[in-house]
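Order-wise, the sequence lines are chains H and L.
Residues 2 to 159 in our numbering are what the first sequence spells out, letter by letter.
Residues 2 to 159 in our numbering are what the second sequence spells out, letter by letter.
Number of protein chains: 2
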Amino acid sequence: MASKSNGGAVDLPSFFADLVRCETRLYNALNDRLRERHGIVTSQFEFLRHLRDHPGSRVADLAAEFAIGVGATSKGIDRLEKRGWVLRQPNPADRRSLLLALTDDGTRLANAAERTFTRALAALIADALDGPAGTAAARVVSDLRAAFERDQIGTPTG
Amino acid sequence: MASKSNGGAVDLPSFFADLVRCETRLYNALNDRLRERHGIVTSQFEFLRHLRDHPGSRVADLAAEFAIGVGATSKGIDRLEKRGWVLRQPNPADRRSLLLALTDDGTRLANAAERTFTRALAALIADALDGPAGTAAARVVSDLRAAFERDQIGTPTG
DNA sequence: CTACACTATATGCCATGGCATCTAAATCGA
DNA sequence: TCGATTTAGATGCCATGGCATATAGTGTAG
């Protein structure tokens, strides 16, 4: 028997493989749509959306939210700033830090890209998440994320 | 009625965000373990494990399995070959193609890394996947992966 | 056999992320 | 108040992936 002991336990390596492959393909498919319609990729859309919904975020706030390094976040903001979608503003309360905000163009882009994103995402996964099993799956993933964040698991070095 | 049947309907953008953040942190945490004990990262472990379990795979087979481009796969194999873990062998049936196989060192590494990987993964997610909700979540993800592969969703260009 | 289309892989350029390191600024301790 | 530590962010080097293209080998129509 390939499987472990009991009759209902999940095979964790298989689950991990399925999860990563889903995520890869989902990201690829969403990137295709966002790139062709708005010239951005999904990670950039997520930055823009977060800044729209949390204006005044700092670089470190974004890094913590997305579980990527501060350096990578800084470079990501560089690229969005060069394209005219994000502004770095001095933080009067702490001159080391910068407050990030969208420009008007950035806000418009975030809103337009969100429509594309939401529609594409629904077309890709709505059916799979319909029903009680989908609801259960959503809660498992949500709880797991909360546990990882609480315990600072997988938070990058810098 | 995908979007109107609330009272239990999953918020898809939130689900996507949770999924991606879980996957990022999981990958980061597993990378840490594998790097410190074996000098490889998770994507390399996955290559090695697949080659151990499917000897004679071609570059294109790996690319399809992991939903990454053929070029990236070729470069990944370059790196494993330089470290002495993988061999490219001529394919007698088609001189364009190469059959990939692990060296003895590569096999030993795959086995050792698998123990580290399995233990670390269990420590990270076993609790969250215990019980009926976990089983349902695993099936949702597995079905979604199967659907993506069947429909070739998110398969990279080249 | 030849020309042409197709396939398998490799390679180059670019974008992105990790980690280490650097600077400036804030904070803490004596 | 001053030096030491910590924190925020930027930057450099390296690894990796996408996409476009190059190269070689295969198959096929005629």
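Here a beta-carbon is modelled for each residue, glycine too, at the ideal position from N, C-alpha and C.
Just so you know, these numbers come straight off a predicted model, no measurement behind them.
Beta-bridge analysis with DSSP links H:Val87 to H:Leu103. Chain L places no beta carbon closer than 8 angstroms to that of H:Val87, leaving this residue out of the contacts. Under the Cβ criterion of 8 angstroms, H:Ile126 is counted among the residues facing chain L. L:Val60 sits close to L:Leu99, with the two beta carbons spaced by under 8 angstroms. Using a C-beta cut-off of 8 angstroms, the stretch 102-111 of chain H makes contact with the stretch 40-54 of chain H, since at least three inter-stretch Cβ pairs fall below that distance. Against chain L, the CB of H:Ile41 has no partner CB under 8 angstroms away; the residue lies outside that interface. Burial is judged here by how many other beta carbons sit within 10 angstroms of a residue's own beta carbon; H:Gly135 has at least 16 and is buried. DSSP places L:Pro93 outside any alpha helix (DSSP H), giving it a letter other than H or E. Per DSSP, the unbroken alpha helix (DSSP H) holding H:Asp62 starts and ends at 60-67. With 16 or more other Cβ atoms from the protein chains shown falling within 10 Å of its own Cβ, L:Gln45 counts as buried. Within the stretch 53-72 of chain L, Glu66, Phe67, Ala68, Ile69 place their CB atoms closer than 9 angstroms to a CB of chain H, listed in sequence order.
DSSP, read as helix, strand or coil, puts L:Gly40 in coil. The beta carbon of L:Arg36 sits no closer than 8 angstroms to any beta carbon of chain H.
In the structure shown, the three-state DSSP call for L:Leu130 is coil. No Cβ of chain L is located within less than 8 angstroms of the beta carbon of H:Ala113. For H:Ala137, the secondary structure class from DSSP, reduced to helix, strand or coil, is helix. Counting C-beta atoms within 10 angstroms of its own C-beta, H:Glu24 has 16 or more neighbours from the protein chains shown and is therefore classed as buried.
DSSP places L:Ile78 in the helix class (H, G or I) of the three-state scheme. Secondary structure of L:Gly155 (DSSP, three-state): coil. Counting only Cβ-Cβ distances below 8 angstroms, H:Ser143 has contacts in chain L at Ser15, Phe16, Asp19, in chain order. By the Cβ test, the stretch 138-150 of chain L is in contact with the stretch 115-132 of chain H, since at least three Cβ pairs between them sit closer than 8 angstroms. Around the beta carbon of H:Thr158, fewer than 16 other beta carbons lie within 10 angstroms, which makes this residue exposed.
Interface annotation, H:Phe48: not in contact with chain L, CB-CB separation never under 8 angstroms.
In the displayed model, H:His51 falls within a helix according to three-state DSSP. Rounded to the nearest angstrom, the gap between the Cα atoms of L:His55 and L:Gly155 is 23 angstroms. Exposure of L:Ala113 is indicated by the presence of fewer than 16 other C-beta atoms within 10 angstroms of its C-beta.
Burial check for L:Thr119: the Cβ neighbour count within 10 Å stays below 16, so the residue is exposed. The three-state reading of DSSP puts L:Gly70 in coil, since its state is none of H, G, I, E or B. By the C-beta density criterion, H:Asp79 is exposed, having fewer than 16 other C-beta atoms within 10 angstroms.
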